[in-house]
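Everything on this sheet refers to the single structure shown next.
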Amino acid sequence: MNPSPELCGTGHPIDTRAVAAKFAALSHPARIEILKCLSASRSCCCGEVVEHLDLAQSTVSQHLKILVEAGLVRFTPDRQRSRYEVDHEALAGVSASVAALVETCCRTAEPTS
1 MNPSPELCGT GHPIDTRAVA AKFAALSHPA RIEILKCLSA SRSCCCGEVV EHLDLAQSTV
61 SQHLKILVEA GLVRFTPDRQ RSRYEVDHEA LAGVSASVAA LVETCCRTAE PTS
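Take the sequence shown: its position 19, counted from the start at 1, is 19 in UniProt numbering, and no numbers get skipped.
Pasting the structure below:
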């Protein structure tokens, strides 16, 4: 399946594979909790996220890696500890993609003559 240049004739350009990758990253409850945790501050290290969740550091690291690869979280090396922050623009893009999909799929069918 090739990525569609726009969402069902709406004129909104969309890379369906990229959107699907972001949806996949958001499909795990722990990753949603991690996003909420990261959103509460400008940036966090993995250990700070672990303090807020009932998960092992290795598990949080793996979830952070998935969020970074999906483009929803930015990773910045910072000496001994790496910093993570939500990519708000990318998350807003996911929201816009969902809104366009809902608009397209829920549009009332036009009567035919």
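All C-beta atoms in this analysis are idealised placements derived from N, C-alpha and C, irrespective of residue type, glycine included.
**Prompt:** Is C46 helix, strand or coil by DSSP?
**Reply:** Residue mapping note: residue 46 aligns to position 46 of the sequence shown, counting from 1. Note: C46 maps to helix in three-state DSSP.
**Buried or exposed by the 16-neighbour rule on C-beta atoms within 10 Å, applied to K22** = Taking the sequence shown and counting its residues from 1, one reaches residue 22 at position 22. Buried is the call here.
**Request:** Look up E89 in the DSSP assignment and give the residues it is bridged to.
**Result:** Locating residue 89 in the sequence shown gives position 89, counting from the first residue. For E89, which the question treats as bridged, DSSP gives no partner whatsoever.
**Message:** For C37 and T76, what's the separation of their Cα atoms in angstroms?
**Reply:** Working through the sequence shown from its first residue, we reach residue 37 at position 37. Working through the sequence shown from its first residue, we reach residue 76 at position 76. Near 17 Å, if we compare the C-alpha coordinates of T76 and C37.
**Asked** Is the CB-CB distance between L72 and A25 below 7 Å?
**Response** Position 72 of the sequence shown, counting from 1, holds the residue named residue 72. Position 25 of the sequence shown, counting from 1, holds the residue named residue 25. Yes, the Cβ-Cβ distance between L72 and A25 is below 7 Å.
**Asked** For A99 versus H63, is the C-beta spacing smaller than 7 Å?
**Response** For the purposes of this step, residue 99 is identified with residue 99 of the sequence shown, where counting begins at 1. For the purposes of this step, residue 63 is identified with residue 63 of the sequence shown, where counting begins at 1. Not in contact: A99 and H63 (Cβ atoms no closer than 7 Å).
**Message:** According to DSSP, R83 sits in a beta bridge with which residue or residues?
**Reply:** The residue labelled residue 83 in the question sits at position 83 within the sequence shown. Paired residues: T76.
**Request:** Look up L35 in the DSSP assignment and say whether it is helix, strand or coil.
**Result:** Residue numbering aside, residue 35 sits at position 35 when the sequence shown is read from its first letter. L35 falls in the helix class under three-state DSSP.
**Asked** Assuming S82 contacts C45 under a Cβ cut-off of 8 Å, what Cβ separation, rounded to an integer in Å, is found between them?
**Response** Position 82 of the sequence shown, counting from 1, holds the residue named residue 82. Position 45 of the sequence shown, counting from 1, holds the residue named residue 45. Confirmed, about 6 Å.
**Message:** Which same chain residues end up closer than 8 Å to residue 158 when comparing Cβ atoms and leaving out the 5 residues on each side of it in sequence?
**Reply:** Given a span of 1 to 113 for the chain in the structure shown, any question on residue 158 remains unanswerable.
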